[in-house]
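Counted from 1, the sequence shown has number 331 at position 332 by numbering that gives the first Met the number 0; the numbering is strictly sequential. Cβ coordinates follow ideal geometry from the N, Cα and C atoms, glycine included. Since this is a predicted model, take the numbers as computed values, not measurements. This report refers to the structure that appears directly beneath it.
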Amino acid sequence: MSESAEYDLTGPGERPDPDHRSPARALAQLVAVVVAASAVLVLLGAGDVLVFAAFVVAMVMLHELGHLLAAKRGGMKVTEYFLGFGPRLWSVRRGETEYGVKAFPLGGYVKIPGMTMLEEVDPADEPRSYRSRPFGSRLLVAVAGSAVHMIIAFVLLVVVFVAIGTPRTDQLEVQGYVSAPGVTNPARAAGLQPGDVIVSIDGRAVHGDIAALSSIIHAHVGTPVVMVVDRGGRRLTVDATPVPARTLGEQVTGAGANQNDGAIGVLLGSPLATTGPLTAFGHAATELGSVTAASVAGVGHLFSPSAMVSRFDQVVSAKAANTAAANGTRVQSIVGVVQTGGQAVHAGIYPVLAILITINVFFAVFNMLPLLPFDGGHVAIAVYERIRSRRGRPAYHADVGKMVPFTVAVIGFVAVLFVTSLAVDLAHPLPNPFG
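Written as structure tokens, this is what we have:
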């Protein structure tokens, strides 16, 4: 979350640039560099990745904004609110807080004096330091970042349910055609249209079962199949005559697959269904609970011995990496997440929001681990100090020095997690899950 650092700010409102540039000039140069770099990425075909990376940056800075607002509300002094780490590229001071951008956009941070008793704080700032504020104020600051993530996830879920819709897995919808040059598409010739929901085939109800639908089509090369579809609330009957899949360029997969099996040349998927705002709030709360439970299980798995061994196996073995991806236990680095997010941007708004919802909930849960340097560590300390404090006596302050070995171990674990996941993503990139 934050670590305290004090410095002297000169000037009434803006911090001088080390190269003696005015803040306005520094900002103009920064914007020019960002625009130029973005243009290059777009020309290189990485525009989708750039868009998703911007979403992640916004998510991170909203997390830090939660800490900042909670600290100011609790009467604490906030000295910095920055995107990135390393050399300062641009900054401006407003009141007692400096806002800016640093060279390496690998995260963000807020600085509040006195996050632990180990820190030296200017005596003039001590009354407004984190450690000197009441329990409620400290607790609010510590949980604010994760709370923001959960709020973001909830809002995005409501947007999905109201404006976009969620897949109806009990239905199959025609979403496009598969064609080959010089070959008449059977589905198009029969009158099937994108948006048609397939209700039955040869008298057999489909109920979203693509395997049942495919088995009948595969077995009827040259023989018409009778399909009942729902088109905008009207039931229509169409007769489609399957042709060998190879003539359409389709690939038939599964046990006993034969490229001479029948195909009608359609792309199928689950239709999206929207809900009203009030219903959406209930659905969003339920879904948020489900995603949170899955994230808790996922975070727990990260620390299991088997997961630690598996991560090293994935670095040297593509098979192990692919197996972990298939069973949902592969951990992606920020590089892998942004790459997958870029593919989602190309696929459409629904997969983008689904990934953002998952990321926000996972970060909220992971950040609440009751260990420093996570925000959950500060929560644990605040709660412990509250329990140990007695009325009429000076407030109890935990000896954070005793936690240093555990903190170092946690940082080491996170470093190993980062390095191994990055190595796996670079050596064995995940295939595009969206097509």
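Measuring only the C-alpha atoms, how far is tyrosine 395 from arginine 387?
What you label residue 395 is simply residue 396 of the sequence shown in a count that begins at 1. What you label residue 387 is simply residue 388 of the sequence shown in a count that begins at 1. Distance between the alpha carbons of tyrosine 395 and arginine 387: 6 Å.
Cβ-Cβ distance between proline 241 and glycine 261 below 7 Å
Within the sequence shown, residue 241 is the residue found at index 242, counting from 1. Within the sequence shown, residue 261 is the residue found at index 262, counting from 1. Against a cut-off of 7 Å, the Cβ pair of glycine 261 and proline 241 comes out as a contact.
Per DSSP, what are the beta-bridge partners of leucine 238 in this structure?
Within the sequence shown, residue 238 is the residue found at index 239, counting from 1. For clarity, residue 238 is aspartate in the given sequence; the question names leucine instead. Aspartate 238 is bridged to Val225.
Status (buried if at least 16 other CB within 10 Å, exposed otherwise) for glycine 255:
Here residue 255 refers to the residue found at position 256 of the sequence shown. With a pLDDT of 49 at glycine 255, under the threshold of 50, the predicted position of this residue should be treated as unreliable, though the coordinate-derived value follows. Exposed, since its Cβ has fewer than 16 Cβ neighbours within 10 Å.
Ordered along the chain, which non-local residues of its own chain (more than five positions away) have a Cβ less than 6 Å from that of glycine 253?
Looking up residue 253 in the sequence shown gives position 254. Low confidence applies here, because glycine 253 scores a pLDDT of 48, under 50, leaving its location unreliable and the question unanswered by this model.
Can you grab the Cα-Cα spacing for the pair alanine 353 / phenylalanine 365, in whole Å?
As a working note, residue 353 is residue 354 in the sequence shown. As a working note, residue 365 is residue 366 in the sequence shown. Answer to the nearest angstrom: the Cα atoms are 18 Å apart.
May I have the straight-line CA-CA distance separating arginine 92 from glycine 74, to the nearest angstrom?
In the sequence shown, the residue the question calls residue 92 occupies position 93. In the sequence shown, the residue the question calls residue 74 occupies position 75. Cα-Cα distance, rounded: 18 Å.
Length at least 4, wholly inside the segment 181–229: the alpha helix (DSSP H) runs in chain order:
185–189, 209–217
Going by Cα to Cα distance, which pick from Tyr349, Leu88, Glu97, Leu425 is closest to lysine 76?
Translated into positions along the sequence shown, residue 76 becomes position 77. Minimum Cα distance to lysine 76 is reached at Glu97.
Those residues which DSSP pairs with proline 270 across a bridge
In the sequence shown, the residue the question calls residue 270 occupies position 271. DSSP, once it has assigned bridges, lists no residue as partnering proline 270.
How many Å lie between leucine 156 and leucine 171 at the Cα?
Counting from 1 along the sequence shown, the entry for residue 156 is found at position 157. Counting from 1 along the sequence shown, the entry for residue 171 is found at position 172. Looking at the two C-alpha atoms, the distance is approximately 23 Å.
What are the complete alpha helix (DSSP H) segments, minimum 4 residues, inside the segment 276–358?
276–301, 304–315, 317–325, 333–346
Going by DSSP, what residue range makes up the beta strand (DSSP E) through threonine 454?
The structure shown does not extend to residue 454, since the chain is modelled only from 0 through 434, so no value can be given for it.
To the nearest angstrom, how far is the alpha carbon of alanine 422 from that of methionine 60?
Here the question's residue 422 lines up with position 423 in the sequence shown. Here the question's residue 60 lines up with position 61 in the sequence shown. Going from the Cα of alanine 422 to the Cα of methionine 60 covers about 26 Å.
Between the CA atoms of valine 225 and alanine 272 - distance to the nearest angstrom
Residue numbering aside, residue 272 sits at position 273 when the sequence shown is read from its first letter. Residue numbering aside, residue 225 sits at position 226 when the sequence shown is read from its first letter. Between alanine 272 and valine 225, the C-alpha separation is close to 26 Å.
Does the structure place the segment 219–239 close enough to the segment 179–198 that three or more beta carbon pairs sit under 8 Å?
yes
Which residue wins for smallest C-alpha separation from leucine 68, given the options Pro133, Val109, Ala36?
On the sequence shown, position 69 is the one that residue 68 refers to. Out of Pro133, Val109, Ala36, Val109 has the C-alpha closest to the C-alpha of leucine 68.
Valine 228: which of Thr274, Thr339, Val205, Ile216 sits nearest, CA to CA?
Within the sequence shown, the letter at position 229 stands for residue 228. For valine 228, the nearest C-alpha among the options comes from Val205.
Out of Asn431, Ala70, Gly221, which one is the CA nearest neighbour of proline 133?
For this step, residue 133 is matched to residue 134 along the sequence shown. Comparing Cα positions, the closest option is Ala70.
Opposing strand residues paired with tyrosine 176 [DSSP bridges]
Here residue 176 is taken as the residue at index 177 of the sequence shown, counted from 1. In the DSSP output, where bridge partners are listed per residue, tyrosine 176 has Val265.
Beta-carbon contacts of aspartate 424 that lie in its chain and below 7 Å, excluding the five residues immediately before and after
Numbered from its first residue, the sequence shown carries residue 424 at position 425. Excluding positions up to five away in sequence, the list reads Gln331, Ser332, Val334, Gly335.
Residue range of the beta strand (DSSP E) that leucine 450 falls in?
Nothing in the structure corresponds to residue 450, since the chain is present only between 0 and 434.
Please classify aspartate 286: is it buried, with 16 or more other beta-carbons within 10 angstroms of its beta-carbon, or exposed?
Looking up residue 286 in the sequence shown gives position 287. Per the sequence shown, residue 286 should be read as glutamate rather than aspartate. So glutamate 286 counts as buried.
Going by DSSP, which residues form a beta bridge with leucine 82?
As a first step, residue 82 must be located in the sequence shown, where it is residue number 83. Beta-bridge pairing links leucine 82 to Val100, Gly107.
By Cβ distance, which residues of its chain are closer than 8 Å to threonine 406, with the 5 residues on each side in sequence left out?
Reading the sequence shown from its first residue, position 407 is the one you call residue 406. Closer than 8 Å at the Cβ level, and outside the excluded window around threonine 406, lie Leu370, Leu371, Pro372, Gly376.
Roughly how far, in whole angstroms, is the beta-carbon of histidine 148 from the beta-carbon of asparagine 359, given that I think they are within contact range, below 8 Å?
Residue numbering aside, residue 148 sits at position 149 when the sequence shown is read from its first letter. Residue numbering aside, residue 359 sits at position 360 when the sequence shown is read from its first letter. Between asparagine 359 and histidine 148 the Cβ distance is about 4 Å, and since that is below 8 Å, they are a contact.
According to the neighbour-count rule (16 or more other Cβ atoms, all chains shown, within 10 Å of its Cβ), is serine 294 buried or exposed?
Translated into the one-based positions of the sequence shown, residue 294 becomes position 295. Looking at its Cβ environment, which holds 16 or more other Cβ atoms inside 10 Å, serine 294 is buried.
Using the three-state DSSP reduction, which class does threonine 165 fall into: helix, strand or coil?
In the sequence shown, residue 165 corresponds to position 166, counting from 1. It is a strand residue.
Is the distance from the Cβ of leucine 191 to the Cβ of valine 177 below 7 Å?
Taking the sequence shown and counting its residues from 1, one reaches residue 191 at position 192. Taking the sequence shown and counting its residues from 1, one reaches residue 177 at position 178. No, they are not a contact pair.
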